[in-house]
Amino acid sequence: MTGPRGSELVRYLRTETVGGTLLLAAAAIALIWVNSPWVDAYTNLRDFQIGPHALHLDLSVGTWAQDGLLAVFFFVAGLELKRELVVGELADRKKALLPIIAACGGVIVPAIIAASIGWGTPGMDRGWAIPVATDIAFALGVLALTGSRIPASARVFLLSLAVVDDLLAIALIAILFTASIAALWLAGAAACLIVYAFAQHRRVTTPFLYVPIALLTWYCLHEAGIHPTIAGVALGLLTRVKTDPDEENSPAARLEHRIQPISAGLCVPLFALFASGVPLDGGVLSGLLSDPVSLAVIAGLLIGKPVGIFGISWLTIKLGIAEKPRSLEFRDMFALSVLGGIGFTVSLLVADLALAGIGDGSEAETAKAAVLISSVAASLIGSALLLRRGRVHAARL
């Protein structure tokens, strides 16, 4: 995009609040659309298949948005995380350990709560995994809109724990729902990552090498039976963040500068549009509070997530195992922990996988509605807490 108008739009899209607004607007459009008389148009578009069948890439538009476009977002997240780990807030080992431990707590506690509530219910032998994931795109979008006055270290903490959380959730999907992993394709993905890392080490700069490697890594993971968005995180973490003496900016900084507006302005909103279309008819809503699976999901996301993330963070800090940034207070961390209850995409995916074939299909729809309502509630509660914390921080200036 060239010219003054194009440059202005790109600068506009680099503003975090703009990306968050576009994300939530797309989600709202999807919800209204799928619960309107024009629902067939939405489902036909989302389920329309496109791509070469010979390469096993004849995927639906919704799948392309979730597996393809979201990989771009994860690449940007990987770049940010690598920067923080090497030259930023997480360069200190104890500070880097905190979001990793927090993410583990945010997976284990919701799983225990969900399994306890739904024990013995059909589908809950694997359905306990529904509330373990945090939707990183939505969580960061809400933080961008409501947490602008709290310390910048808050975003680093949420980004880091959400990335680790999603990786753990994707690992659970591979263990629970993947019949077999194609080892040769997985080895191919590893080989691609090694070539990428070597090229970074040798200071290769041409995109004619990196773009094919990135696409091939994604494809190998897809064929291996593993969620291909992992390719984005892995490539981001392998990108060089330190600047050489003859460089003005590092490769990671240059890539983030170029790709972030595309991610915020196109990839994430389209992903939200096709991920948030959950029907909320009367039958689904009436079964929410009487269905054990739905209650397990709601409790896991709204209680298990903040208790797991904040509780284990507080404990490890008090024991001296990990260390929090000085600018980040425990009350800030609790507000961020509530945002961890924004499940959305991975939780919706697990609900589909875990409850497929259970009953007449209404069980899966009710569980997905529980994910949606819990995620919205976590967004609203987290936003209220962040706005309150923002006023506290602003009053101290």
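Just so we're aligned, residue 2 is where the sequence shown starts under this note's numbering, counting upward by one. All residues carry an ideal CB built from backbone N, CA and C; glycine is no exception.
Rounded C-alpha distance that separates residue i from residue j
i	j	result
residue 160	residue 216	24 Å
residue 334	residue 155	8 Å
residue 394	residue 150	7 Å
residue 128	residue 96	33 Å
residue 74	residue 306	23 Å
residue 388	residue 380	12 Å
residue 105	residue 72	22 Å
residue 344	residue 52	29 Å
residue 81	residue 355	33 Å
residue 410	residue 11	For residue 410 there is no data in the structure shown, the boundaries of the chain being 2 and 398.
residue 291	residue 327	44 Å
residue 113	residue 282	30 Å
residue 45	residue 35	11 Å
residue 126	residue 100	28 Å
residue 91	residue 322	15 Å
residue 167	residue 140	12 Å
residue 301	residue 289	14 Å
residue 62	residue 214	23 Å
residue 153	residue 329	9 Å
residue 357	residue 219	26 Å
residue 177	residue 247	49 Å
residue 108	residue 396	35 Å
residue 267	residue 121	43 Å
residue 43	residue 179	29 Å
residue 65	residue 204	32 Å
residue 70	residue 377	23 Å
residue 165	residue 278	26 Å
residue 210	residue 29	39 Å
residue 363	residue 296	15 Å
Cβ separation of residue i and residue j, assumed to be a contact under 8 Å, to the nearest whole Å
i	j	result
residue 123	residue 359	5 Å
residue 198	residue 239	5 Å
residue 241	residue 201	5 Å
residue 138	residue 269	5 Å
residue 342	residue 303	5 Å
residue 237	residue 83	6 Å
residue 118	residue 293	6 Å
The alpha helix (DSSP H) enclosing residue i, as first and last residue numbers
i	result
residue 383	363-397
residue 262	252-263
residue 291	Note, residue 291: premise wrong, no alpha helix (DSSP H); not H, not E.
residue 338	331-340
residue 84	71-88
residue 306	306-319
residue 176	154-178
residue 246	First-last for residue 246: undefined, no H or E at that position.
residue 270	269-276
residue 230	Unbroken run through residue 230: none, as it is neither H nor E.
residue 302	Element bounds for residue 302: n/a, residue is neither H nor E.
residue 413	Nothing in the structure corresponds to residue 413, since the chain is present only between 2 and 398.
residue 346	345-355
Neighbourhood of residue i by C-beta distance below 7 Å, restricted to the same chain and skipping five residues each side
i	result
residue 298	115, 131, 132, 368, 371, 372, 375
residue 383	143, 336, 339, 340
residue 256	80, 240
residue 103	162, 310, 313, 314
residue 224	57, 183, 186
residue 390	151, 332, 333, 336
residue 21	142, 143, 145, 146
residue 352	131, 365, 368, 369, 372
residue 222	190, 229, 231, 232
residue 50	59, 60, 61
residue 86	92, 97
residue 348	131, 132, 134, 372
Near the ligand FMN: residue i beta-carbon under 7 Å from a heavy atom
i	result
residue 149	The ligand content of the structure shown is nil, which means the ligand FMN is not present either.
Other residues of its chain near residue i: CB distance less than 6 Å, five sequence neighbours each side excluded
i	result
residue 27	270, 273, 274
residue 235	194
residue 18	145, 146
C-beta neighbour in chain D for residue i, strict 8 Å
i	result
residue 316	Structure shown: chain D not included; a single protein chain is present.
Residues of its chain near residue i, where Cβ-Cβ distance is below 8 Å and the 5 sequence neighbours each way are ignored
i	result
residue 88	242, 243
Item checked: Inside the stretch 108-139 only - alpha helix (DSSP H) runs reaching at least 4 residues -> 125-128
Next item on the list: Mind listing, in chain order, the continuous alpha helix (DSSP H) runs of no fewer than 4 residues lying wholly within the stretch 29-57?
Entry: 40-48
Next item on the list: Kindly provide the ranges of any alpha helix (DSSP H) runs that are 4 or more residues long and lie completely inside the stretch 193-218, ordered along the chain.
Entry: none
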